[in-house]
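The sequence shown begins at 32 in the working numbering and counts up by one.
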Amino acid sequence: MNATKTSQNKNKTNINNTLEPMEPNSHSLFLRLIKVALILMLQLSFATVASTYRTLTVADGLPSNRVFDIARDHRGFAWFATDKGLARYDGAHIQAFSRYHTPGLSQSLWVRDILFDEYQQLWSAGKQGLEVLRPHSEAFQPIAVPGRTAPLNIYSLFKAANQKLWVGAADGLYVLEPNPHSPSAGQRAEALKPVLTHLDGAPVNFKILSITHTQDNLLLLATTRGLFVFDPASNNTRPISLDTAQPVMADKLWTLDDGQIWIAMHGLGLGVYDVDTDTVQLIYQDPNEFDTVGYVFDLYKENNEIRAASLNTGLLSLTAGTVTTTHSYPPLLSLFRDNSLRMYGTYSEGVIVESGNHSAVSNVRFTHPSETGKYEVNQLTRVGEHLWVADQLSGLCRYTTDGEFERCISSESHSAQALAPATNGSLWAAMYHELILVEPDTTQVKARYKLADYQIPAAINTLLPTTNDTLWLAHSFDGISRFNPKTHAITHLTSENSQLLSDQVHHLAKTQNTLWLATSAGLQTYSPERAQFATIPSPGNRPFIAVYTVTPAPDGKVWVQTDRGLRCYDPARQSWLDLPEPLVRLNTTSLTFDHRNTVWIATGQGIWHWQADNNAVAFYNYGDGLFRRGYLENVATRSESHIWFASTEGVTRLTPDSLGQPALSSGQW
32 MNATKTSQNK NKTNINNTLE PMEPNSHSLF LRLIKVALIL MLQLSFATVA STYRTLTVAD
92 GLPSNRVFDI ARDHRGFAWF ATDKGLARYD GAHIQAFSRY HTPGLSQSLW VRDILFDEYQ
152 QLWSAGKQGL EVLRPHSEAF QPIAVPGRTA PLNIYSLFKA ANQKLWVGAA DGLYVLEPNP
212 HSPSAGQRAE ALKPVLTHLD GAPVNFKILS ITHTQDNLLL LATTRGLFVF DPASNNTRPI
272 SLDTAQPVMA DKLWTLDDGQ IWIAMHGLGL GVYDVDTDTV QLIYQDPNEF DTVGYVFDLY
332 KENNEIRAAS LNTGLLSLTA GTVTTTHSYP PLLSLFRDNS LRMYGTYSEG VIVESGNHSA
392 VSNVRFTHPS ETGKYEVNQL TRVGEHLWVA DQLSGLCRYT TDGEFERCIS SESHSAQALA
452 PATNGSLWAA MYHELILVEP DTTQVKARYK LADYQIPAAI NTLLPTTNDT LWLAHSFDGI
512 SRFNPKTHAI THLTSENSQL LSDQVHHLAK TQNTLWLATS AGLQTYSPER AQFATIPSPG
572 NRPFIAVYTV TPAPDGKVWV QTDRGLRCYD PARQSWLDLP EPLVRLNTTS LTFDHRNTVW
632 IATGQGIWHW QADNNAVAFY NYGDGLFRRG YLENVATRSE SHIWFASTEG VTRLTPDSLG
692 QPALSSGQW
């Protein structure tokens with residue numbers, strides 16, 4: 032549910048009968064009868080969840096696909112409690128913690144409940160007892176019960192408003208206190224103290240499944256013997272009944288932000304505790320006992336609507352007495368939500384992660400023909416409502432801006448190396464053996480120019496039309512060329528006949544009347560009017576040798592990918608900008624700009640966004656819905672409202688205005 036569990040949020044218990052044996056309550060007989068049918072139902076695969084979701088499973092590193100609880104720490108990392116240990120997810124990688132995976136770091140086994148306290152300590156409870164992970168530590172510390180050697184079997188944790196941590200276990204109620212037997216006075220240490228509860232004046236031990244609080248700072252205890260109010264001052268309890276005078280066999284308890292206390296009664300439905308009448312009112316009753324609201328394990332309230340996790344039917348929406356099922360979700364055990372993220376813990380399918388940013392991210396896989404089934408995209412450009420892809424293996428192909436493949440252009444070569452919009456609205460493309468001029472709307476080839484016929488060097492990596500009569504070409508091994516499509520005149524500039532630093536020209540760009548050249552020996556400019564080269568020296572504090580791409584920005588600056596990282600040059604001041612970390616260290620980047628002229632940078636790890644006015648850097652990756660394997664170098668395009676980056680898998684379209692803060696921090700800057 033929320034990033035930390037306090038007196039305003041949820042508490043967890045185990046799942047009756049279907050997951051592990053426990054003392055039966057009044058519904059246990061019916062549970063036994065439906066057990067076989069339920070397990071068979073859970074084995075069925077569920078409908079494909081919308082593409083805005085990501086699912087994490089044991090294949091991604093989870094200890095188990097059964098997820099009882101979800102929390103999030105102050106760094107943005109997500110934590111998952113499973114029946115085989117804990118897992119931490121940073122948006123790209125999962126680290127497991129358990130007796131089997133990391134015995135030196137944690138003894139966790141069947142983890143039912145986790146919470147973060149006000150000190151950013153992670154408390155983990157289950158069959159292993161209670162453990163705590165301190166800030167800046169990688170090892171969990173076990174919390175002992177003085178005089179006891181066997182671990183507690185814990186079902187629920189609850190942090191009260193006075194910061195006391197209450198623990199519900201199979202053999203009763205416990206509270207966390209300073210450990211008087213700590214070996215070091217200077218070492219932080221706690222111990223669990225058993226609380227002797229009383230009912231009708233006699234001591235009694237409850238098997239406590241869930242804990243929450245009431246408005247007068249009393250505790251509500253869901254036990255296998257019913258629902259009870261507990262007074263911490265006297266240790267006395269009293270039973271709570273339904274408004275029909277029947278006992279409340281509660282399994283789960285939640286105190287929501289609005290103060291309402293919701294109660295899950297498995298096999299019956301959901302109710303609300305009325306403090307004034309000291310009874311539970313049944314609000315939603317399951318007509319078939321366990322189909323929908325009769326098997327809820329987590330819930331929260333948002334915009335006057337209850338969202339509930341059902342072990343039978345998945346995600347439920349409850350409003351005004353109506354129960355609506357979202358059929359695209361599998362059986363659920365746990366829910367999490369904050370301002371940027373939704374996560375759903377499932378019974379057997381792992382964790383479904385939905386970022387608020389997913390609505391701003393659209394991934395479309397390549398579907399154009401490929402003899403090898405692989406894609407090596409060299410360039411991407413937008414012309415009107417279409418995206419054009421230059422593929423080293425498959426040629427020149429057109430997609431809609433929504434990612435729907437339409438067709439590829441016929442050519443002797445199935446290798447497209449570069450493309451660029453012409454000044455008259457046409458599209459230039461460099462194929463392996465020829466240059467072609469395409470009418471973008473009809474996809475008809477208007478002209479073909481065989482490289483051998485016009486003595487045009489091969490290995491073209493950049494096309495740069497400057498006028499209807501001039502097309503500049505950058506060659507990976509033969510300098511640069513100027514080609515006139517009308518007269519067929521060709522001019523070659525190399526290191527032998529000009530001041531070009533190197534014949535290895537990796538990229539070419541233009542600002543006003545100046546060409547910018549990325550060469551293996553440095554950054555240069557060329558003035559076609561004066562036929563002059565100039566060398567831009569690298570910054571003394573961050574020198575580089577080779578330059579791979581040059582990308583002019585709308586504000587006149589020039590971004591440069593070098594062999595030593597990313598750089599940005601200001602031609603007006605003839606100086607280099609001081610880029611923040613980690614931008615200055617990025618390699619193999621692809622750059623483009625949004626309508627606010629801020630830069631977006633894609634790499635193999637994800638996508639960065641830098642706002643120069645406040646020096647803010649944001650990083651987005653798989654946790655925000657991007658392709659897991661990252662993005663290709665120098666393959667990007669844009670429109671007024673969208674930007675596109677290409678990966679080896681397909682194209683990602685971003686809507687910058689809809690992106691919020693990153694969902695999960697990678698912690699790898």
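Ideal Cβ placement from N, Cα and C applies to all residues, glycine included. All values derive from a computational prediction rather than experimental measurement.
Buried or exposed (CB count within 10 angstroms, at least 16 for buried), residue i
i: residue 660; result: exposed
i: residue 78; result: Interpretation of residue 78 is limited by its pLDDT of 28, a score under 50 that renders its predicted location unreliable; the figure taken from the coordinates is listed afterwards. By the neighbour-count rule (16 or more Cβ atoms within 10 Å), residue 78 is not buried but exposed.
i: residue 190; result: buried
i: residue 502; result: buried
i: residue 358; result: exposed
i: residue 297; result: buried
i: residue 416; result: exposed
i: residue 279; result: buried
i: residue 620; result: buried
i: residue 477; result: exposed
i: residue 244; result: buried
i: residue 187; result: buried
i: residue 380; result: buried
i: residue 43; result: For residue 43, the predicted model reports a pLDDT of 38, less than 50, meaning its position is unreliable; a value from the coordinates is still stated below. Answer is buried; the Cβ neighbour count reaches 16.
i: residue 588; result: buried
i: residue 499; result: exposed
Whether residue i touches residue j by CB criterion (7 Å)
i: residue 95; j: residue 114; result: yes
i: residue 329; j: residue 365; result: yes
i: residue 539; j: residue 495; result: yes
i: residue 292; j: residue 304; result: yes
i: residue 372; j: residue 386; result: yes
i: residue 610; j: residue 582; result: no
i: residue 9; j: residue 108; result: Only positions 32 to 700 of the chain appear in the structure, and residue 9 is not among them; the question remains open.
i: residue 668; j: residue 284; result: no
i: residue 158; j: residue 193; result: no
i: residue 439; j: residue 464; result: no
i: residue 564; j: residue 535; result: no
i: residue 204; j: residue 226; result: yes
i: residue 449; j: residue 689; result: no
7 Å Cβ cutoff, residue i in contact with chain B
i: residue 173; result: Reference to chain B is not applicable here, since this structure consists of a single protein chain.
For residue i, the first and last residue of its enclosing beta strand (DSSP E)
i: residue 374; result: 372-377
i: residue 141; result: Neither: residue 141 is in no beta strand (DSSP E) and is coded neither H nor E.
i: residue 405; result: It is not in any beta strand (DSSP E) - residue 405 carries neither H nor E in the DSSP assignment.
i: residue 642; result: 638-642
i: residue 296; result: 292-296
i: residue 648; result: 647-651
i: residue 525; result: Neither: residue 525 is in no beta strand (DSSP E) and is coded neither H nor E.
i: residue 417; result: 417-422
i: residue 122; result: Unbroken run through residue 122: none, as it is neither H nor E.
i: residue 532; result: Neither: residue 532 is in no beta strand (DSSP E) and is coded neither H nor E.
i: residue 508; result: Segment: none, residue 508 is in no beta strand (DSSP E) and carries neither H nor E.
i: residue 462; result: 458-462
Backbone secondary structure at residue i - three-state DSSP
i: residue 442; result: coil
i: residue 485; result: coil
i: residue 614; result: helix
i: residue 303; result: strand
i: residue 579; result: strand
i: residue 688; result: helix
i: residue 229; result: strand
i: residue 55; result: Residue placement at residue 55 is poorly supported in this model, since its pLDDT is 35, which falls under 50; the coordinates still yield a value, given next. Of the three classes helix, strand and coil, the one that applies to residue 55 here is coil, per DSSP.
i: residue 360; result: coil
i: residue 557; result: strand
i: residue 69; result: With a pLDDT of only 32 at residue 69, under the threshold of 50, the placement of this residue in the model should not be trusted, and no figure is reported.
i: residue 348; result: strand
i: residue 388; result: helix
i: residue 107; result: coil
i: residue 696; result: Any reading at residue 696 needs caution, since the residue's pLDDT is 48, under 50, leaving its predicted position unreliable; the model's value is listed next. In this structure, residue 696 counts as coil in the three-state DSSP scheme.
i: residue 381; result: coil
i: residue 682; result: strand
For this session: Check whether the region 505-513 touches the region 524-534, taking contact to mean three or more Cβ pairs, one atom from each stretch, closer than 8 Å.
Result: yes
Exercise. Are the region 630-650 and the region 660-672 touching, with three or more C-beta to C-beta distances below 8 Å?
Worked result: yes
Exercise. For the 8 Å Cβ check, are there 3 or more pairs between the region 164-180 and the region 129-148?
Worked result: yes
For this session: Taking 8 Å as the threshold, find out whether the region 261-270 comes into contact with the region 320-327 through three or more Cβ pairs.
Result: no
Exercise. So, do the region 391-406 and the region 675-682 have three or more beta carbon pairs nearer to each other than 8 Å?
Worked result: yes
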